[in-house]
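Numbering (the numbering used here), first residue to last: 54 to 171. Virtual Cβ for every residue (Gly too), placed ideally from N, Cα, C. Working notes for the structure below.
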C-alpha cells in the first residue's frame with residue numbers, strides 16, 4: 054500500500070491532471086502527469102469499467118500496480134503528480150512483467166522531463 058503522503062486523493066487534483074497533464078504510454082500501461090514544485094510524489098490509479106465490469110478484477114489490477122509502484126517510488130522525481138491507468142483489457146500475469154513495463158515507463162518520464170528542462 055502506498056504511504057498516505059504519496060496518494061493523490063483529491064478529485065480536483067486528478068481532474069487537473071486529466072485536463073492539463075502530459076501523456077505517456079508503454080504497452081498496457083498509461084500515465085498522465087504534471088510536475089509541481091516542492092511536493093512529494095503523488096500517484097493515483099484509475100481502472101474503469103471498460104477494463105472489466107467486475108470490481109474484483111479492477112481491484113486486482115490496481116493492487117498489482119500499487120505494489121509495483123511502491124517498489125519504484127524513489128525512481129520518480131519529486132513534485133510528480135500522476136494517474137496510472139490501463140488502456141487495454143490486458144493485465145500482466147505476473148508482477149515481474151508489470152515491473153519491467155513500469156521501469157520502462159519511469160525511464161520515459163525521466164527522459165521526457167530531462168528534455169523539457171534542456
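Range covered by the alpha helix (DSSP H) that runs through residue i
i          : result
residue 65 : 64-73
Proximity winner among the options, relative to residue i (alpha-carbon distances)
i          : options            : result
residue 83 : 168, 151, 167      : 151
residue 13 : 153, 162, 167, 126 : For residue 13 there is no data in the structure shown, the boundaries of the chain being 54 and 171.
residue 94 : 168, 57, 155, 139  : 57
For residue i, three-class secondary structure by DSSP
i           : result
residue 96  : strand
residue 105 : coil
residue 90  : coil
Cβ-Cβ separation, residue j to residue i (assumed contact under 8 Å), whole Å
i           : j           : result
residue 114 : residue 104 : 7 Å
residue 148 : residue 121 : 6 Å
Own chain residues within Cβ distance below 6 Å of residue i, not counting five before or after
i           : result
residue 137 : 84, 98, 118
residue 90  : 132
Short CB-CB distance (under 8 Å) between residue i and chain C
i           : result
residue 111 : Checking the listed chains, one finds no chain C in this structure; it contains a single protein chain.
Proximal residues to residue i (C-beta, below 7 Å), its chain only, five neighbours per side dropped
i           : result
residue 159 : 125, 128, 129
Residue span of the beta strand (DSSP E) that contains residue i, given as start and end
i           : result
residue 133 : 133-139
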